[in-house]
Amino acid sequence: METFYLALVFFLLLNLGAGMWRVLQGPTAADRMMAAQLFGTTSVAVLLLLGQVEGDSALHDVALVFALLAAVTAVAFVRRAWSEPEKEHDSK
Amino acid sequence: MSIAILYALVGIGLFCLGVYALMIHAHLLRKILALNIMGSGVFMVLLALAGRTEITPDPVPAAMVITGIVVAVSATALALALMLKINAITGRAELNDAEEK
Amino acid sequence: MEALSLLQWLIDGLIGIGLLWLAWRALFCPELFKAIVLFIAFGLLMTLAWVRLKAPDVALAEVAIGAGLTGALLLSSWAKLRGFDANKGMGAREKNSEQAEQKTKRPFFHGLYAIPLLLMAVGLGYGVLQLTPYATGLSAVVAENLDASGVSNPVTAVLLNFRAYDTLLEIAVLLLALIGIWSLGIRPSVREATPDPVLDLLTRFLTPLLLLVSAYLLWVGAHAPGGAFQAGSVLGAAGVLLILAGWRLPLSLAGLPLRITLVAGVSTFIVVAVLTMLGGAQLLAFPPSQASLIIFVLEITATLSIAAILAALFLGSRPDHSEKI
Amino acid sequence: MGDFLLTIPWAVVLILLPLVGAIACFLWPKKVNQLGLITLGGVFLSVVGLGAWLLENGVYHHAVGGWNAPLGIQLYADGLSLVMLGITALVGVAVSVYATAYFDRSQSERFWPLWLFLLTALNALFLSADIFNLYVTLELLGLSAVALVALGGGKAALNGAMRYLLASLLGSLLFLFGVALLYHTYGSLDLAMLSEQVESTPTVWMALGLMSAGLLLKTALFPLHFWLPPAHASAFSPISALLSALVVKASFYLLLRLWLEIFWPISGSVAGLFGVLGVMAILWGSLQALRQTRVKMLVAYSTVAQIGYLFLAFPLAMGAGVTAWNAVIYLAISHALAKAAMFMAAGNLLRFGGHDRIADLDQLAQRLPLTIAAFALAGVSFIGLPPSGGFIGKWLLLEAALMQGRWDLAVVMVLGGILAAMYIFKVLGYAFTEASKPSKVKTVPVRMEWAALLLASGAILLGFLAPLILPLLAIGTPFDAFSGNEEIMP
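Chains as they are written, first to last, in our numbering: chain Z, 5 to 96; chain E, 4 to 104; chain U, 36 to 360; chain Y, 721 to 1210.
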């Protein structure tokens, strides 16, 4: 079972790589931010799995805080950095 | 080689990347990012090397890293505020040597 | 078993490479916004690394402070940089300055920097590899004295009892950073937050949750990962959320009451220090029988102060001045 | 009564009192001047108390939290810490009195909390014997110093503050890296424990290199001095005085402690490098000072040069031990007094004429005699003329150099003195002549003139006090450990 969980963790980490590609490619700021959010969500899953593997319930707390703080960062992005949605295309 | 050493080496890599970026970038936000990444590198070395053990890891480096993270966020906040102030006055978020003469 | 250990290595290798790659891209990709997003992702991956290194206390602190608040601070500062530019009618300013940045890059000279740094990296790596394979840390001493510390989580014991003096100075550093920022006299950003129904709903839902989690972390810190810093930064995040939602501290509270909250953490430390010394003991020496109570009191005020300071750091200007302009 | 006073833990008071003062100033901005001056008075008395205690009992130890090393943090005070604390209190009182007249209402509200945080950091740093705790005090020191520089508010001050902040953070992180390596080698953060265990391994060398590099950057030794002149010259004058006199010395003190207590047994030979950098700092700093057209810039570059002298002691200590260390501490404290006085005098000039262009000083010798006298007296100490404190320091250093036949270093010391004379007289010369275009003048508060003059006289007086101060340095002498190794050194 442990091996299965760890394999799952590995798979999820590879997924993060895909998310990274989105952060780099954009093309809009929102795309990048969404990708970073996906990063957060996947990490929550990784944390829960690792918590299962190591039998450490503290990791559930980490996952919880992770999920909550990701929401705050997203709000910071929407409120502060994403004020002019139309002009935001930093095509590059 | 153990996992502790692996992470310690990653920490060294982060530290050196940070120093390099700190030196070559002109934009202050980049310099601040560079300092943060350097800091993460040092914290990683500090904590990773505590993992060279079979029993429960040493709590003292963990406490030191938590202290370090708090100090780092304080310094970052001050640096960002200073950067904004410089930008407000000079219109550029860069150090400007000519102004100092 | 073989597969298990291989998987462990693969996971750690992937995290390590991911960290280096993210750091590299965050530092050297041409657009600032992208760099910040990559840095936030870097912080998140850092959290996984701390977990792998069996330091959930640090992971909690990293995710709350390192990734969460620093990320919000960076995003907000970036937006303000653009805001300044826009006010001056230089919408394309950032692009220009970034192009300028590209132009001033002189690869030859930068290569000169890279060589000694590479040597330094190799040297440091060698130094680390020379260490004894087993740590000569303090875990044994900490475990021995844990019973007298008043808490059963060793990291909390170190932070609030064995090395409480560090923590005192550290809260002082936080307070100092805030005072330093206030003394810069930055005008608060003029742009008022427009009301947003979705955000209001989210805030209403998230704020109580953050409060609850903060209280939980504070309570759990005595015997499991958690404690004042983690609780304080989650509470501070609640403050950041409220600020983002357009909520402002009432003016009647923005003066002395706010300042008292900001200094409460460090002041409690000082009061406890003085009391212990008046009792004839050493500075910050807690009698074992009362240690857990003292630590709890210290943690509560520290949590409140840390939260207030972090939220105020995010605001970036004195709240009692903001209403005047 | 005397016994009761000796039971008060003065070292702890020295750390907590300024912190309480800073918080009080933050809470009640209307009363900052009174609160601040009371705090400074208390700190000064506490240093006296600690001195009395040390004379009575020898070295001071305090296990914070009741936990001994390696678990807990140790406070430690010997003669060296006492002298540094004393000079901090002395300069601190003078600058504080000066500041009450220099700053207006809103400026002093911002100045006082930051300055008291700086004082907390300095005192905590001089008293700590734990390398991680030292890292935290270094950060407290760096951030408060940067915030103080930024108070200036102008382009130059903000630029200087930012550069200073970046250099300071880089320095702290280098230091912390060294701390990490030392901790993982020996499992302890306590200076005394580390000094017993340290041996010559690659990891320890790495730690030594990182920590020294970080501290050298903070001390602004040539060629790492780039951040110092802009930061020190663009800050408000009392703040420049604090930075040049005290903050730079704090990281130097730490460097001295580390080398004397941890690294000395293994690394005597590398000290030669410090000597070379010291020589270059003296020459480069003095020549740059000579080229400056503004008084504050000149004084700031003079700091770069004077720091060079402090590093000459490292190579000399190999053969001349205690003499060299005494010399360097004497130089450090007389530089602290004289440089603070000089920056205050520069502040007076700025207040008086609204500028500090050297060429337009316009007969200030007649119009601001006290200030020019302060400048001249401080200059006497830099040049190293008898009977100043600078003279004693240089004399001891020359003696150490000649004892070992290091003629090269002796020549540089003399040359540095001549160059110092040239830049001091450059300012004084213009202060006696009439400028081509007279500028509007403002009155300078009497307090500001006297504060500068008294400190400058202190720098001269130090020359006479040598028989009193040198024995203080011998309390728990940190130089013993090193003289024990004297025979081992080639």
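We treat Cβ as the ideally placed atom computed from N, Cα and C, and that holds for glycine.
Per DSSP, the beta-bridge partners of histidine 30 of chain E are E:Glu97. Excluding sequence positions up to five before and after leucine 181 of chain U, its CB lies within less than 8 Å of the CB of Ser187, Pro189, Ala192, all in the same chain and listed in chain order.
Cα atoms of leucine 18 of chain Z and serine 327 of chain U: separation of roughly 44 Å, rounded to the nearest angstrom. Across the set Y:Ile1053, Y:Ala1176, Y:Met1123, Y:Ala1121, the C-alpha of Y:Ile1053 shows the shortest separation from the C-alpha of leucine 1193 of chain Y. If only uninterrupted alpha helix (DSSP H) runs of at least 4 residues are considered, those enclosed by the segment 985 to 1011 of chain Y are 991 to 1011.
Of all residues in the segment 75 to 96 of chain E, only Ala75, Val76, Ser77, Ala78, Thr79, Ala80, Leu81, Leu83, Ala84, Leu85, Met86, Leu87, Lys88, Asn90, Ala91, Gly94, Arg95, Ala96 place a beta-carbon less than 9 Å from a beta-carbon of chain U.
Taking the Cα positions, asparagine 39 of chain E is about 21 Å away from histidine 145 of chain U. Here leucine 286 of chain U is exposed: its Cβ has fewer than 16 other Cβ atoms, across all protein chains shown, within 10 Å. According to the DSSP secondary-structure assignment, arginine 1077 of chain Y is paired through a beta bridge with Y:Arg1014. Note on glutamate 981 of chain Y: 16 or more other CB atoms within 10 angstroms of its CB, so buried under the neighbour-count rule. Contact annotation: alanine 96 of chain E and leucine 32 of chain E have beta-carbon atoms nearer than 9 Å.
Chain U places a beta carbon closer than 9 Å to that of asparagine 39 of chain E, counting this residue as a contact. Taking the Cβ atoms as the reference, glycine 21 of chain E lies roughly 3 Å from methionine 41 of chain E, within the contact range of under 8 Å.
Per DSSP, histidine 258 of chain U lies in no beta strand (DSSP E) segment and is marked neither H nor E. Ranked by how close their Cα comes to the Cα of tryptophan 787 of chain Y, the residues U:Leu88, U:Ser111, U:Ile52, U:Glu179 have U:Glu179 in first place. Put simply, the CB of leucine 49 of chain E is near chain Y, with a gap under 9 Å to one of its CB atoms.
Selection Y:Pro949, Y:Arg1077, Y:Pro922, Y:Gly1104 evaluated against leucine 159 of chain U yields Y:Pro922 as nearest (Cα-Cα). Under the DSSP assignment, histidine 945 of chain Y falls outside any alpha helix (DSSP H); it carries neither an H nor an E label. Interface annotation, phenylalanine 852 of chain Y: in contact with chain E, CB-CB separation under 9 Å. Inclusion of leucine 209 of chain U and leucine 339 of chain U in the CB contact set at 9 Å is not warranted, their separation being larger than that value. Sequence-distant Cβ neighbours of glycine 792 of chain Y in its own chain, meaning closer than 8 Å and more than five residues away, are Ala783, Val784, Gly785, Gly786. For serine 848 of chain Y, the three-state secondary structure derived from DSSP is strand. A check of alpha carbon separations from glycine 929 of chain Y across Y:Trp947, Y:Gly898, Y:Tyr903 identifies Y:Gly898 as the nearest. In the structure shown, the three-state DSSP call for alanine 797 of chain Y is strand. With contacts defined by Cβ atoms closer than 9 Å, alanine 107 of chain U and alanine 34 of chain Z do not form a contacting pair.
Residue Y:Trp1115 holds the alpha-carbon nearest to the alpha-carbon of alanine 1186 of chain Y among Y:Gly1125, Y:Trp1115, Y:Leu760, Y:Phe831. Within the same chain, Cβ atoms closer than 7 Å to the Cβ of histidine 30 of chain E are found at Ala96, Glu97, the five residues on either side in sequence being excluded. Neighbours of valine 22 of chain E in chain U, taken as residues at a C-beta separation under 7 Å, are given in chain order as Leu152. Below 8 Å, enough C-beta pairs join the segment 1061 to 1074 of chain Y and the segment 946 to 964 of chain Y to call them touching: three or more. The beta carbons of alanine 797 of chain Y and alanine 867 of chain Y sit about 28 Å from each other, so the pair does not count as a contact at 8 Å. At a cut-off of 9 Å between beta carbons, lysine 938 of chain Y makes no contact with chain E. Tyrosine 1143 of chain Y sits in a helix when the DSSP states are folded into three classes. The beta carbon of glycine 891 of chain Y sits closer than 6 Å to the beta carbons of Gly934, Leu937, Lys938 from its chain, once the five residues preceding and following it are set aside; these are given in chain order. Pairing leucine 901 of chain Y with alanine 789 of chain Y gives a Cβ-Cβ distance that is not under 9 Å. Alanine 783 of chain Y sits in a strand when the DSSP states are folded into three classes. Along the segment 34 to 57 of chain Z, going in chain order, the ones with a CB nearer than 8 Å to a CB of chain U are Arg36, Met37, Ala39, Ala40, Phe43, Gly44, Ser47, Val50, Leu51, Leu54.
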